[in-house]
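Quick note on numbering that gives the first Met the number 0: the sequence shown kicks off at 0 and runs consecutively. Every residue, glycine too, gets a C-beta built ideally from N, C-alpha and C.
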Amino acid sequence: MNVEWYKLDNAGKLYASTVTSRVSTVFRLSVNLKSMVNPEVLQWAIEQTVEQLPLFKVIVKKGIFWNYLKKTNEIPIASIEHYYPCSNLFFNSHNTLPYRILYYKRRISFEVSHMLTDGTGALEFLKLLVTYYVIRKESLDLQMETKNRSSLEFADSFSTYYEKNVPSWQEGLDYAYKLPFKFDKKGIYHITTGKIDIREIKQLAKYHGISITTYLISKYIEVLIEIQAELAAKPKPITINVPVNLRNFFESQTLRNFFVSIPITIDPRLGEYTFHEIVQKVQIEFKRYLNIKQLKPLIARNVRGERNVLLRLLPLTIKDQLAPIIHSKFGESLYTSSISNLGVVSLNKDIEPFIERFEFYPPPSVGNKIKAGIISYGSYMYITFGNISDIRIVEREFFRKLKKDGIHVKIESNRRGY
């Protein structure tokens, strides 16, 4: 795509204006190798990857009305990881890349702002990066196909599939229950990952007659209901934000953001819920939302909000002041937490023997102090909780419930003494 700059997509504009000292908009995808990272080989792999994926050859610039992305010849430099994950990228500085590449022992991490891409786009970048790395490091006789990247990878698919005649999604949500935990110090992001055998959880989900994702979301809601019952005087709805990859419903090759979030709500004010009743509600919501006709209004709502004339005319400095407030009141205040499943990672069979695992860390959030990210590779699933408070009851109770259901869980954390 032969342009010098391009606009942020619909989701990217929102994320760019909601960056604060605690809300970095940065999420992480990482890969663990079976040998120590070679920094020189990693740097070579980075250079090959950004040449193959020109979407990532950009820096963030501030315009009068919106942030935008400008082409750059700057090559990202891999650095040793030395701080908490998903920290701020400081977009107020000049010529900032919207991502970073870190390494530590056997781990390579790709941390990227949601203003550039979503989990699908980020995973494509990391898969290509690790493929180049392994080919060079292990001297594999594997030819990488060099191709001209399609302009479709740059497409703003929100605009492509926005239809003027489709009404905006207008379903009202009550303010959701919020976990009453104090924030830890700014910049601290507690990570807890549970490693589980896919065969075990697949068998358990089959026993219940449901999908793995439905089981995990239902179990998470069950945990949050119990925590609220213990800590809150009056119950509020438990609402989980579930991102949906729109590429599964609309033809799109974009590597930019192309997802919407659907709400799944259980209201304890209506009475006690058994696990079976929670499962039924989750299934109903999935069946209701996961089709093109119901997803179109969600796209319409997002695009119309961005195209509002008054909003467009506001200078960027004012947008940056108002956006975090609006996002908190009309966005995150409606959700208790979020859980995102990136699915199963597939690699070239010649690369797989050198890879141990993948992990996905969700971006830190003030409104949702604890969020979960799920990714699978090989025989294992990795469920990661990101937490900006120092209270770990949610993670602990969630994994306890999995163990009680017969799932073996190996837990790792960056917390001391976990």
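query	result
Spatial distance of Val22 from Pro362 (CA atoms)	8 angstroms
Rounded C-alpha distance that separates Gln51 from Phe89	26 angstroms
Nearest-angstrom Cα separation, counted from Phe26 out to Asn171	Checking the sequence, you will find Gly at residue 171 rather than Asn. Cα-Cα distance, rounded: 28 angstroms.
Spatial neighbours of Tyr103 in its chain, beta-carbon cut-off 7 angstroms, leaving aside the 5 residues before and after	Ile79 and Glu80
Arg106 - containing beta strand (DSSP E), residue span	Arg106 to Ser112
Closest by C-alpha distance to Ser339, when choosing among Ile406, Glu331 and Ile373	Ile373
4 or more residues per run - each alpha helix (DSSP H) lying fully within the stretch 195-230	197-207 and 211-230
Beta-bridge partners of Lys61, as assigned by DSSP	Asn66
Buried or exposed (CB count within 10 angstroms, at least 16 for buried), Asn290	exposed
Buried versus exposed call for Leu312 [16 or more other C-beta atoms within 10 Å across all chains shown]	exposed
Contact between the stretch 384-404 and the stretch 189-202 (3+ Cβ pairs under 8 angstroms)	yes
Segment contact flag, the stretch 356-371 with the stretch 148-164, C-beta cutoff 8 angstroms, min 3 pairs	no
Trp168 in three-state terms, based on DSSP	coil
Buried/exposed call for Met35, threshold 16 Cβ in 10 Å	exposed
Span separating the alpha-carbon of Ile74 from that of Lys56	8 angstroms
For Gly120, the three-state DSSP class (helix, strand or coil)	helix
Phe258 burial status per 10 Å Cβ neighbour count (16 or more: buried)	buried
His189 - DSSP class collapsed to helix/strand/coil	strand
Beta-ladder partner(s) of Arg99, from DSSP	Glu110
Given Ser412 as reference, the closest of Asp404, Lys201, Ile406 and Arg395 once Cα atoms are compared	Arg395
N-terminal and C-terminal residue of the beta strand (DSSP E) that Arg27 is part of	Val25 to Leu32
Sub-8 angstroms separation of Ile237 and Tyr176 beta-carbons	yes
C-alpha gap between Ser20 and Lys205, whole angstroms	43 angstroms
Simplified DSSP state of Ile45, which is helix, strand or coil	helix
Ile265 beta carbon less than 8 angstroms from that of Lys280	yes
Backbone CA spacing between Glu162 and Lys403 [nearest angstrom]	47 angstroms
Distance between Asp349 and Ser251 (C-alpha atoms, nearest Å)	28 angstroms
Residue from Trp4, Ser378, Ala10 and Leu115 whose Cα sits closest to the Cα of Thr71	Trp4
Tyr334 (DSSP reduced to helix, strand or coil)	coil
Reduced DSSP category for Glu271 - H, G, I as helix; E, B as strand; rest coil	coil
For Met380: DSSP bridge partner residues	Ile195 and Ser375
The stretch 219-239 in contact with the stretch 330-338 per 3-pair CB rule at 8 angstroms	yes
Given Val243 as reference, the closest of Gly342, Val40, Ala77 and Leu346 once Cα atoms are compared	Gly342
Residue nearest to Pro314 in terms of C-alpha spacing, selected from Glu229, Ala44 and Trp65	Trp65
Per DSSP, cross-strand counterpart(s) of Asn307	None, per the DSSP bridge assignment.
Residues bridged to Asn301 [DSSP beta-bridge criterion]	Paired residues: none, contrary to the question.
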